[in-house]
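Reviewing the structure listed below.
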Amino acid sequence: TRAGARSRARGYRGRIAAYECLNEPNAPEFSGTAADYQAMLAAFERAVRAADPAALVVGGVGCPGYVDWTRRIAAEGAATSMQVLSVHDYHYDSPLRWAEARRIPAAAAAIGGALPVWDSESGYPMPPRDAQGRRRPTP
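With positions in the sequence shown counted from 1, the corresponding number in my numbering is that position plus 858.
As structure tokens, this is what we get:
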């Protein structure tokens with residue numbers, strides 16, 4: 859809620875530099891539209907910045923498929939409600955592809971190229987392990 863965001867930003871003023879609005883809103887768990895997210899992001903940004911004007915608001919926060927998501931929220935005006943665009947750039951085929959990060963510039967272009975882009979979550983699935991940490995054979 860706006861009151862919750864304002865309360866946290868006020869309580870952590872000077873100790874937390876950036877606040878993220880909703881983790882991975884382009885995932886199926888979020889039932890809203892890009893317009894719904896933009897409305898939520900705008901309210902979140904107003905609440906956080908009212909309590910801590912120096913705080914950054916991090917938005918977008920899309921999981922794989924985030925370039926299209928970023929284009930949709932950009933069309934709703936999201937760039938005006940955040941100071942940082944966040945992406946979660948997972949590469950499930952190879953950790954070596956992390957260095958390529960080809961999709962991140964496309965996301966930056968989708969939002970107008972004026973915001974910094976943070977890859978704020980990434981990972982690579984690990985093979986199953988036993989209790990001692992040894993790799994288990996996969997079926």
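By construction, the Cβ of each residue, glycine as well, lies at the ideal position given by its N, Cα and C atoms.
Quick one: grab the DSSP three-state call for residue i.
i	result
E934	coil
L943	strand
G923	coil
D977	strand
Y877	strand
G917	strand
Using the C-alpha atoms, what's the distance from residue j back to residue i?
i	j	result
A967	I931	13 Å
D894	G920	15 Å
P963	A912	26 Å
A863	A885	22 Å
V975	Q941	9 Å
Using a threshold of 8 Å, state whether the C-beta atoms of residue i and residue j are closer than that.
i	j	result
V916	A861	no
D926	A867	no
E903	S939	yes
Quick check: does the Cβ of residue i come within less than 7 Å of any heavy atom belonging to the ligand NAD?
i	result
V975	Among the components of this structure there are no ligands whatsoever, and the ligand NAD is therefore not found.
Could you tell me which residues DSSP pairs with residue i in its beta bridges?
i	result
R987	R993
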